[in-house]
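See structure below.
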Amino acid sequence: MTGARPILVVDDDQVIRRALTEQLQVDGEFLVLEAATLAEAREKMKGPDARCDAILLDVSLPDGDGRDFCAELRKDGLRMPVIMLTGSDDEADIVRGLDAGANDYVAKPFRIAELLARLRAQLRLFENSEDAVFSIGPYTFRPSAKLLLEPVKNRRIRLTEKETAILKFLYRAGTRPVPRQVLLNEVWGYNAAVTTHTLETHIYRLRQKIEPDPAHASLLVTEGGGYRLNPEVLA
1 MTGARPILVV DDDQVIRRAL TEQLQVDGEF LVLEAATLAE AREKMKGPDA
51 RCDAILLDVS LPDGDGRDFC AELRKDGLRM PVIMLTGSDD EADIVRGLDA
101 GANDYVAKPF RIAELLARLR AQLRLFENSE DAVFSIGPYT FRPSAKLLLE
151 PVKNRRIRLT EKETAILKFL YRAGTRPVPR QVLLNEVWGY NAAVTTHTLE
201 THIYRLRQKI EPDPAHASLL VTEGGGYRLN PEVLA
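The structure is reproduced here in structure tokens:
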């Protein structure tokens, strides 16, 4: 896992695909996976370690209709945000796409800044929805339920609101260590009454819940004056 969020761009127009890839990756916020056909898109999403946080999906592709692919994803239980890209802004086309399970619809030619804003908005909505599910080590993380599931041991771990927020922020950061003060500000806000000791106490309690050996943390590790999730455990 990297710090950038994987976004799948499915479009047979190489110029559009490359332009989107360049713009999405410019700040290191996203990592783009490219596909020119539905077959390539399916291939990118195969495998137990495949991860895709959102999809930008063209309607007209050489081997099928993007809306049918979106409906296929939903049927398979995949709930990540899907934004349809189309050369038509006809109302009937938009309705068909939304009925297929798309979260948003953007007509070409589009403004990249607007598309990025819509993408970020859909990601925020998804992360706070009942459908959001993330993999962290041996756990399935459901932020909306404040819950970690460990299928192998048939175990459920209840999390507090702050513990959930800590894990969500560290998950987004990927392999990058998050300084204590940054994490403190993100989870508690800029509250002068809250110190890093508060954060350290929460980290300690969180490790007691999720680490096989809390005295020797392997999943939530201390590094560079902060914390990060261990990619070796996440693999």
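Following UniProt numbering, the numbering of the sequence shown begins with 1 at its first residue and continues without gaps.
For each residue, glycine too, the CB sits at the ideal point set by N, CA and C.
Model, not experiment: these values are computed from the prediction.
Indicate whether residue i and residue j have their beta-carbon atoms separated by less than 9 Å.
{"i": "Leu183", "j": "Ile210", "result": "no"}
{"i": "Ala132", "j": "Arg176", "result": "no"}
{"i": "Val10", "j": "Leu38", "result": "yes"}
{"i": "Ile83", "j": "Asp104", "result": "yes"}
{"i": "Ala100", "j": "Cys70", "result": "yes"}
{"i": "residue 240", "j": "Trp188", "result": "Residue 240 is absent from the structure shown; the chain starts at 1 and stops at 235."}
{"i": "Leu123", "j": "Ala41", "result": "no"}
{"i": "Leu125", "j": "Pro81", "result": "yes"}
{"i": "Arg205", "j": "Leu220", "result": "no"}
{"i": "Ile136", "j": "Leu229", "result": "yes"}
{"i": "Cys52", "j": "Leu33", "result": "yes"}
What residue range is occupied by the uninterrupted alpha helix (DSSP H) comprising residue i?
{"i": "Val187", "result": "Arg180 to Trp188"}
{"i": "Leu78", "result": "That residue, Leu78, is in no alpha helix (DSSP H); it is neither H nor E in DSSP."}
{"i": "Glu130", "result": "Per DSSP, Glu130 belongs to no alpha helix (DSSP H) and is neither H nor E."}
{"i": "residue 237", "result": "The chain is shown only over 1 to 235; residue 237 falls outside these bounds and no answer can be derived."}
Output yes if chain B places a C-beta closer than 9 Å to the C-beta of residue i; else output no.
{"i": "Ser218", "result": "Considering every chain present, this structure includes no chain B. It has just one protein chain."}
Can you tell me whether residue i is buried or exposed? The criterion is at least 16 other CB atoms within 10 Å of its CB, across all chains shown.
{"i": "Arg172", "result": "buried"}
{"i": "Ile7", "result": "buried"}
{"i": "Thr2", "result": "Reliability of the predicted coordinates at Thr2 is poor, the pLDDT of 41 falling under 50, and the value obtained from them is presented with this limitation in mind. Burial call: exposed."}
{"i": "His202", "result": "buried"}
{"i": "Arg17", "result": "buried"}
{"i": "Ala215", "result": "exposed"}
{"i": "Gly224", "result": "exposed"}
{"i": "Pro143", "result": "buried"}
According to DSSP, simplified to helix, strand and coil, what is residue i?
{"i": "Thr160", "result": "coil"}
{"i": "Thr21", "result": "helix"}
{"i": "Pro62", "result": "coil"}
{"i": "Ser135", "result": "strand"}
{"i": "Glu150", "result": "strand"}
{"i": "Ile16", "result": "helix"}
{"i": "Arg207", "result": "helix"}
{"i": "Ala54", "result": "strand"}
{"i": "Asp68", "result": "helix"}
{"i": "Arg155", "result": "strand"}
{"i": "Ala165", "result": "helix"}
{"i": "Ala117", "result": "helix"}
{"i": "Ala145", "result": "helix"}
I need the boundaries of the beta strand (DSSP E) containing residue i, first residue and last residue.
{"i": "Thr222", "result": "Leu220 to Glu223"}
{"i": "Gly28", "result": "That residue, Gly28, is in no beta strand (DSSP E); it is neither H nor E in DSSP."}
{"i": "Glu91", "result": "Unbroken run through Glu91 is the alpha helix (DSSP H), Glu91 to Asp99; no beta strand (DSSP E)."}
{"i": "Phe110", "result": "No beta strand (DSSP E) contains Phe110, which DSSP labels as neither H nor E."}
{"i": "Thr195", "result": "Run containing Thr195: none; DSSP gives neither H nor E here."}
{"i": "Arg5", "result": "Arg5 to Val10"}
{"i": "Arg228", "result": "Gly226 to Leu229"}
{"i": "Gly86", "result": "According to the sequence provided, residue 86 is Thr. The question's Gly does not apply to it. Here the beta strand (DSSP E) through Thr86 covers Val82 to Thr86."}
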